[in-house]
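Enquirer:
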Amino acid sequence: MLNLNLPDYLDSIGTILVAILMGPIVGAFVGLATHFSLGVFMSPVYFYFAGVNGVIGLITGYIFKKHNVNLKTILSTSIFISLIASLMGNSISYIVFSGITGESVDILTKNLLEVGF
37 MLNLNLPDYL DSIGTILVAI LMGPIVGAFV GLATHFSLGV FMSPVYFYFA
87 GVNGVIGLIT GYIFKKHNVN LKTILSTSIF ISLIASLMGN SISYIVFSGI
137 TGESVDILTK NLLEVGF
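Residues 37 to 153, numbered by my numbering, are exactly what the sequence shown covers, in order.
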């Protein structure tokens, strides 16, 4: 991600794939392990968000364990996961870091906080 200058939010793709293929428990474990590894090797900020990736794996694995893989399930799960992960991630960011975590999106966050959001 760093070499390509891509946002590091793409780490959830592996968690989602493992959750679909191996189930919710393994998906949650991979999500947690991913963020703990990132916390050790990249930045301690990732430790705070490990639960978000764990929940992504848990929910995705549970849904795809109960439902067939088809376009409807993929789209509805994507929307649901996006909402849950956004709420959790933004809540953690706001409570722990006052909305500023050191990512490029912090410029937007800083500007919104300055105008009263």
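Built from N, CA and C at the ideal position, the CB exists for glycine as well.
1. Judging by CA-CA distance, which residue of Val81, Ile52, Ala86 is the nearest neighbour of Ser134?
2. Measuring alpha carbon to alpha carbon, tell me which residue in Thr113, Ser127, Lys101, Asn106 is nearest Gly87.
3. Buried or exposed: Asn89, going by 16 or more other Cβ atoms within 10 Å of its Cβ?
4. Could you compute how far the alpha carbon of Leu148 sits from the alpha carbon of Thr96?
5. Gly152: buried (16+ other C-beta within 10 angstroms of its C-beta) or exposed?
6. Using the three-state DSSP reduction, which class does His71 fall into: helix, strand or coil?
7. Determine, using beta carbons only, whether Ala69 and Ile92 come nearer to each other than 8 angstroms.
Expert: Reading it off the structure:
1. In the sequence shown, counting from the first residue as 1, residue 134 sits at position 98. Nearest C-alpha to Ser134: Val81.
2. Taking the sequence shown and counting its residues from 1, the one referred to as residue 87 is at position 51. Among Thr113, Ser127, Lys101, Asn106, the Cα nearest to that of Gly87 belongs to Ser127.
3. The sequence position of residue 89 within the sequence shown is 53, counting from 1. Buried, since its Cβ has 16 or more Cβ neighbours within 10 Å.
4. By 1-based counting over the sequence shown, the position of residue 148 is 112. By 1-based counting over the sequence shown, the position of residue 96 is 60. A straight-line Cα-Cα distance of about 32 angstroms links Leu148 and Thr96.
5. Start at 1 with the first residue of the sequence shown, and residue 152 comes out as number 116. Per the 10 Å Cβ criterion, exposed.
6. Here residue 71 is taken as the residue at index 35 of the sequence shown, counted from 1. Correct three-state label for His71: helix.
7. Translated into positions along the sequence shown, residue 69 becomes position 33. Translated into positions along the sequence shown, residue 92 becomes position 56. Result no, Cβ atoms of Ala69 and Ile92 do not sit closer than 8 angstroms.
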